[in-house]
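Take the sequence shown: its position 66, counting from 1, is numbered 66 in the UniProt record's numbering, and each next residue is one higher. Below is one structure, written out as structure tokens, with a few remarks after it.
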Amino acid sequence: MEIPGLKLGKKYSMDDVDNWIKDGTYASFFEFHTKIRFGKEGSNYKKIKQQLDQVPVLGFNSGRYDINLIKNDLFAVIGTENVTYVTKNPSYMCIATSDMKMLDISNYVPAGTSYEKYLSTYLGECECKDKIRCVCGLAKGIFPYEHIKSFDVLNQTSLPSKTDFNSDFRETSISNVDYERAKFVWKHYEMKTVKDLLIWYNNLDVVPFLKAIEAQRELFMRFGLDMFTDGVSLPGLSEKVMYQTSFNELQHPLIVPAKAFRFPAKRMNGYTHQDVNAKREFHKTLDHFDMLLRKQKYLCGLCWCQLTIDTASADRVNNKLGHIDGNVLISCVQCNVARKNMSLSGFRFKKLLEFNADRLVYSIDREEKDIYSKMKANIAGRPSIIFNRYAKRNETKIRGDKICKKIVGYDANALYLWALGNEMLCGRLTTIEAYPGIVEDIKADKIFGFLECDIHTPERLKEYFSEMTPIFKNTLIDCTDETIIGSHMYEYNQTRGKSRSKPARKLIGSYFGEKILIYAPLLKWYLAHGIEIKKTYSFIKANSHKAFASFMDAVSSARRVGDEDKSKSMIAEMIKLVGNSAFGRSGMDMSKHKQVKYESKETKIKSRIEHFTFHGLEELNDSCEITMKKRSLNNKNPIHLSIAIYQLAKPRMLEFYYDCIDFYFDRSDFQYEEMDTDSAYIAFSCNKPFQECIKPELREHYEQHKYDWFPRDDTKEKCSI
């Protein structure tokens, strides 16, 4: 490669490039890259340059607190030009300029995770036996925040008193142990002023924080992902891991050599004329094309279909060059025409996706936008039900009769991960009209998808389903009507004053549903338990395939390895978070997304305000933060993934109640206290429920089927799984 101003024939290394940059020969690597003209810039050139130019500015909970605190002055410093952002009111997930990117690490962890929990997850917990004299750097520091009334206090030459560490804002007082630690730190680090204590406190926050970030970032690097460039949140990164894992399991076409034939001479002559007319080189012979055919076993080099004399063609790898050595690939005519300027690897991957179309989850296309609207209207999330507000062992009674002897909590381990790894709606979704016999076809697994129907619980079964009504739907609940929400919640709502809940759509359990979408696996459970379909409207048809089973297995295996080998527990914890967050973005309501613009010129501010998409404005010191509605939305998220997972989880919840607990126990011996979709707290009338309370006639049946409900415990190895 010829480099302007340098001798030919000599080899140069990156050290030479670095020296040229230091000498001022080139301003940066990108200027060097441009001047030596490596050909056309790649499609990702600008993206890579931006990633290298942007310096990450990281915080914990900074998007909710710090940025909101400083944003009045922030844009006066960084300007309002070329600012990009991701907001999630009232927090900022990302603010980026050409040379910096402000990110909040709390977006990369589960909601509610504390700073201490984040550090312990990726660095381990402090193991110092003497917490007062701990110097490992993993323990949280101590500082008298509210004692600092002015900068002069930082010059104070003695440790503040114990009461100075108390917080009126949090209504907390420092413990004796923590104050003894403060005295030890002051003496151990030979502090002279309160400023030294502040430096120690800040370093104790920053240094472990950076180490934890590096550890977390390294874990995502295992999947070829960079936390700071490939996503601004845990769900975004987890979704990429999920799809990446499923793509690794794509099936490849069966390669079967085709019958031999000679490349058509007439077609080769046509290529000769093409190159001559376009003033491109051509130096191929018919024998050379025949050799390429034999080498490729008479298969298309792009889609691997069998070629014939009618379908074989010579595709130019680089369309700017002619049919010359190293620039010809034998392919079918269809692929030759369709590839255009796409790279070989990119087009092959496209054809691989097409081959696996019935095994992949796709976005809902524009032609079927009504499906998206139906899906959005029918998302019924995770039920959380309070059955009884108080239960106590040896005190309260079960259904007013038997004394409660034990309260047990059960949790369905990784329920949503299991649902994700189950049958999903794959391929292109289409709507068909309901027809006579469609319900029988669903039961017989002849068709798969969502049935739009009216469904109800017969009168004879209402008492049976009375404790946990089986049909879940969203409906408008008027919180101001005592007859709807009950006297207890009505009185509570009234006490909230101005913050009283207003009428809103809520998830409820019901005996019926009108024109609702029901997923085939859930529908089959309803039908098997006597619930009836009154009317059918339409059916959203798809292919059934466990598209993310490999992802479920990978997450489960990593968690088991972490349980067995404590040195890998950090990896297992991160994989657990990835598994729990992977499908979250699919149900995101993109209609709520807004655009935020920062303007400092009066004419532009006025123009934004007068625009029909204007939503709101906040004045900053030297500029304005203007929120605009989006003019158009691209609903590309596969919303059917979320609704399928939620509806797969519900039969498991219903099965545990009706097919396990209610089946094996008499209702006088148990009572649900509260439950979530994947957990339940149950009061029993005996100390050993599954030994003493099971119906006698079902004891043998339970012993045969207990591992359908609970983990195996018959061997030591299975106990650890």
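Don't be surprised by glycine CBs; every beta carbon is placed ideally from N, CA and C.
For my contact list, residue i and residue j are in at a C-beta cut-off of 8 Å; report their separation, rounded to the angstrom.
i, j, result
"Thr-480", "Pro-503", "7 Å"
"Arg-217", "Leu-415", "About 29 Å separates the two Cβ atoms, so there is no contact after all."
"Tyr-92", "Ile-67", "5 Å"
"Lys-524", "Lys-443", "6 Å"
"Gly-141", "Trp-186", "Incorrect: roughly 12 Å between the Cβ atoms, too far for contact."
"Ser-550", "Thr-121", "The pair is not a contact, with the Cβ atoms about 26 Å apart (cut-off 8 Å)."
"Leu-476", "Arg-505", "6 Å"
"Cys-693", "Asp-669", "5 Å"
"Lys-594", "Lys-629", "6 Å"
"Leu-154", "Asn-378", "Going by Cβ atoms, the distance from Leu-154 to Asn-378 rounds to 59 Å, so no, they are not a contact pair."
"Leu-522", "Lys-650", "6 Å"
"Leu-198", "Phe-143", "7 Å"
"Ser-685", "Ile-407", "Actually they do not touch by this definition, with Cβ atoms about 11 Å apart."
Could you give the DSSP three-state label for residue i: helix, strand or coil?
i, result
"Tyr-179", "helix"
"Val-241", "helix"
"Asp-411", "strand"
"Ile-324", "coil"
"Lys-40", "With a pLDDT of only 45 at Lys-40, under 50, the local geometry of the prediction cannot be trusted, and the value read off the model is given with reservation. If DSSP states are grouped into helix, strand and coil, Lys-40 belongs with coil."
"Ser-114", "coil"
"Phe-684", "strand"
"Asn-107", "helix"
"Asp-445", "coil"
"Ser-679", "strand"
"Asp-230", "coil"
"Ala-314", "strand"
Could you tell me if residue i is buried or exposed, where buried requires 16 or more neighbouring beta carbons within 10 angstroms of its beta carbon?
i, result
"Asp-708", "exposed"
"His-283", "exposed"
"Gln-494", "exposed"
"His-701", "exposed"
"Gly-691", "According to the sequence provided, residue 691 is Gln. The question's Gly does not apply to it. The residue in question, Gln-691, is exposed, as its Cβ has fewer than 16 Cβ neighbours within 10 Å."
"Gln-251", "exposed"
"Met-489", "exposed"
"Thr-677", "buried"
"Cys-300", "buried"
"Ile-540", "buried"
"Lys-117", "exposed"
"Ala-547", "buried"
"Val-77", "exposed"
"Ala-96", "buried"
"Lys-259", "exposed"
"Cys-128", "exposed"
"Ser-331", "buried"
For residue i, which residues of its own chain have a beta-carbon under 8 Å away from its beta-carbon, when the five flanking residues on both sides are left out?
i, result
"Asp-365", "Arg-428"
"Lys-695", "Tyr-664, Phe-665 and Asp-666"
"Met-268", "Lys-284, Leu-286, Phe-289 and Ala-314"
"Ile-609", "Leu-617 and Ile-626"
Got a sec, what are the start and stop residues for the alpha helix (DSSP H) residue i sits in?
i, result
"Ser-557", "549-564"
"Gly-141", "Counting along the chain, Gly-141 falls outside any alpha helix (DSSP H), and DSSP gives it neither H nor E."
"Lys-71", "66-78"
"Gly-579", "569-581"
"Pro-689", "689-692"
"Thr-272", "265-277"
"Gln-647", "639-654"
"Gly-346", "344-355"
So the beta strand (DSSP E) residue i belongs to, where does it begin and stop?
i, result
"Ala-165", "Reading off the sequence shown, one finds Phe at residue 165, where the question assumed Ala. Counting along the chain, Phe-165 falls outside any beta strand (DSSP E), and DSSP gives it neither H nor E."
"residue 730", "The structure shown does not extend to residue 730, since the chain is modelled only from 1 to 721, so the question has no answer here."
"His-545", "532-545"
"His-615", "614-619"
For residue i, which residues of its own chain have a beta-carbon under 7 Å away from its beta-carbon, when the five flanking residues on both sides are left out?
i, result
"Gln-156", "Thr-193 and Val-194"
"Asp-290", "Arg-262 and Phe-263"
"Pro-208", "Leu-119, Leu-123, Gly-137 and Leu-138"
"residue 722", "No answer is possible for residue 722: the residues shown for the chain start at 1 and end at 721."
"Lys-71", "Leu-620"
"Phe-223", "Val-241 and Gln-244"
"Leu-461", "Gly-530"
"His-641", "In the sequence under discussion, the amino acid at residue 641 is Leu, which differs from the His named in the question. So the qualifying residues of the chain are Val-361, Met-424, Phe-583 and Ser-586."
So is the beta-carbon of residue i under 7 Å away from any non-hydrogen atom of the ligand GDP?
i, result
"Thr-431", "With respect to the ligand GDP, the structure offers nothing, as it holds no ligand at all."
Could you name the residues of the same chain whose beta carbon sits closer than 6 Å to that of residue i, not counting the 5 residues immediately before and after it, in chain order?
i, result
"Ser-544", "Glu-423 and Phe-448"
"Pro-235", "Ser-581, Gly-584 and Arg-585"
"Asp-15", "none"
"Leu-321", "Asn-327"
"His-147", "Pro-160 and Asp-164"
"Glu-180", "Ile-132"
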